[in-house]
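A.B. asks:
Protein chains in written order, with my numbering: chain A, 64 to 358; chain B, 64 to 358.
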């Protein structure tokens, strides 16, 4: 494909690896990150530093952002020093953060008024997917803009899906996270029951990890629980952020999701108990403590 | 294998198909069912009718039961006219109902006192698995008895697992059902969110049915929900029975399982709303009604 002038905002674990693939593909990349040091390796590979999201956007045809919270998305895109302030007519802004569908729609509207296209394109697949360019990317926004950016998505991921208008990418990611929340409480309570009943958790997973109860979570996260491994694949603190967005958006739609609300509360307890930097399997520890005599 | 004198108690949808495989394998089968008519097809194929579980057991080396509730199991095995009263020294009683681990242990103790072995061996795989002899069978009890019965299990299922002492088969089944309960609330809330957000549920499943959120349930039960198909694969009323057993057993172990308890309540609501004979995907209807304006 033709080389494109690309802006990249946010060079954390995910963004750094994803941006690297675009450099490797021969594009010109302008980069900004709140902490400049974290973009150092990308600059060594040819990325050019810009002092703000706005200046990143001034030089780019397609501007990507992948930052933390919706408030960060709002700042790097919509503030006076944000990408939209610098974006040229005809540019595309692609937010790949997991963020609020409502904010995605607002960005689209504000961008549209300036003759700029906007896509919401959150990902799943974690740091490994980012490194190996095997991410799933769920995209919302105008189809024409999607078609323009698709070759760039293909450099970063393997399963690219156009899901509909503005916000549809974020909505899809929310569906994914709601599904994970329910599955996780099933995994954790099942293994807690197994342990209490005196059963070997790995032997239980061998059986229930097949057939009608099977899931990626029981066979991967469940195994880690059985091994006593609570290291992060996906951080508790990030999952709490995502569930918060889903619950906010559901509230906005007058939609009660009692299962998600319950699971969210236990993850909030994991945060309260200082386990925000463990993996999502820390839910097991929360429910285990709930069921233990206090000192 | 050598032909065995087999007793079979319970010829509902599951038991009828399972018993048929043993007839096909050339064994002599003595059969009892509360409703005699439902054993008619088996008698046409050579099974001999007995007027009670006790008389079934008097003629058999291995006695199988697959009935409804733990109270039914107790009656067909432990009552005065039950299988144990008729069983000869050296016989094996195999309860394949999904029933209480605690009851399985009591049956084992009572049988042991009479020189009779007992196995608890609940199954999963549904009516299709029973018909096609592809059931998963989770077995608890003495290993020696398991080894004796294994060739018969192999006529009925494909994934046979010895899980440990008395009750271990039922415990494994409970782990399976607890896992399904959590996964189902995730499936249902995810698809409800999708619908409310204006997304096509099938398109959402195409994406979230892969990767870290994936499960058998989203890809099979989720598809039925998206199709508006609430026909039973697995009945609401049977799942409510199973969850009740799991919650009872958890209570016995002083184990709080808040996710299971919540999901169970919504399935109880499905019962209250007259949907006990729909499939477990009726949970979607319960949560959908929860979120609709009342008339």
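Here a beta-carbon is modelled for each residue, glycine too, at the ideal position from N, C-alpha and C. Bear in mind the structure is a predicted one, so any value in this text is a computation, not a measurement.
Kindly provide the ranges of any beta strand (DSSP E) runs that are 3 or more residues long and lie completely inside the region 186 to 259 of chain B, ordered along the chain.
C.D. replies: 198 to 204 and 220 to 227
A.B. asks: What does residue 262/A reach in chain B if we use C-beta pairs closer than 9 Å?
C.D. replies: Here the neighbours are 226, 227, 231, 234, 235 and 238.
A.B. asks: Bridge partners of residue 68/B, per DSSP?
C.D. replies: 91/B
A.B. asks: Return the first residue and the last residue of the alpha helix (DSSP H) that residue 127/B is part of.
C.D. replies: Per DSSP, residue 127/B belongs to no alpha helix (DSSP H); it is in the beta strand (DSSP E), 125 to 128.
A.B. asks: Using a Cβ-Cβ distance cut-off of 9 Å, determine whether residue 256/A contacts chain B.
C.D. replies: yes
A.B. asks: Going by beta-carbon coordinates alone, are residue 274/A and residue 287/A separated by less than 9 Å?
C.D. replies: Their beta carbons are not under 9 Å apart, which means residue 274/A does not touch residue 287/A by this criterion.
A.B. asks: What separation, rounded to the nearest whole angstrom, lies between the Cα atoms of residue 222/B and residue 345/B?
C.D. replies: Looking at the two C-alpha atoms, the distance is approximately 28 Å.
A.B. asks: Near residue 148/B, what residues of its chain come up, given a Cβ to Cβ distance below 7 Å and the 5 sequence neighbours on each side ignored?
C.D. replies: 117
A.B. asks: With C-beta atoms as the reference, is residue 106/A less than 9 Å away from residue 186/A?
C.D. replies: no
A.B. asks: Where does residue 110/B fall in DSSP's three states?
C.D. replies: coil
A.B. asks: Can you tell which of 95/A, 214/A, 165/A and 241/A has its C-alpha closest to the C-alpha of residue 111/A?
C.D. replies: 95/A
A.B. asks: Cβ of residue 131/B versus every heavy atom of the ligand GDP: is any distance shorter than 8 Å?
C.D. replies: With respect to the ligand GDP, the structure offers nothing, as it holds no ligand at all.
A.B. asks: Residue 196/B: which of 66/B, 87/B and 308/B sits nearest, CA to CA?
C.D. replies: When each option's Cα is compared against that of residue 196/B, the closest is 87/B.
A.B. asks: Closer than 8 Å by beta-carbon distance: list the chain B residues that pair up with residue 307/A, in chain order.
C.D. replies: Within 8 Å Cβ-Cβ: nothing; residue 307/A doesn't reach chain B, min ~14 Å.
A.B. asks: Please classify residue 342/A: is it buried, with 16 or more other beta-carbons within 10 angstroms of its beta-carbon, or exposed?
C.D. replies: buried
A.B. asks: Residues of chain A with a CB under 8 Å from the CB of residue 279/B: which are they?
C.D. replies: 274, 275, 276, 277 and 278
A.B. asks: Candidates 237/B, 244/B, 102/B and 204/B: which alpha carbon is nearest residue 225/B's?
C.D. replies: Checked all of 237/B, 244/B, 102/B and 204/B; the closest Cα to residue 225/B is 204/B.
A.B. asks: Among 72/A, 159/A and 211/A, which one has its Cα closest to the Cα of residue 64/A?
C.D. replies: 211/A
A.B. asks: Looking only at its own chain, which residues have a Cβ that is under 6 Å from the Cβ of residue 28/A, when we skip the five neighbours before and after it?
C.D. replies: Here chain A covers residues 64 to 358 and nothing more, so residue 28/A does not appear.
A.B. asks: Using a C-beta cutoff of 9 Å, does residue 353/B count as contacting chain A?
C.D. replies: yes
A.B. asks: For a contact defined as C-beta to C-beta under 7 Å, what are the partners of residue 259/A on chain B?
C.D. replies: 316 and 318
A.B. asks: Could you check the C-alpha separation between residue 255/A and residue 347/A for me, to the nearest Å?
C.D. replies: Rounded to the nearest whole angstrom, the CA to CA distance from residue 255/A to residue 347/A is 7 Å.
A.B. asks: Inspect the beta-carbon positions of residue 243/B and residue 249/A and report whether they are closer than 9 Å.
C.D. replies: yes
A.B. asks: Which partner residues of residue 298/B appear in the DSSP bridge assignment?
C.D. replies: 342/B
A.B. asks: Tell me which residue opens and which closes the alpha helix (DSSP H) that residue 139/A is part of.
C.D. replies: 133 to 141
A.B. asks: Run through chain A and tell me which residues come within less than 7 Å of residue 323/B, C-beta to C-beta.
C.D. replies: 252
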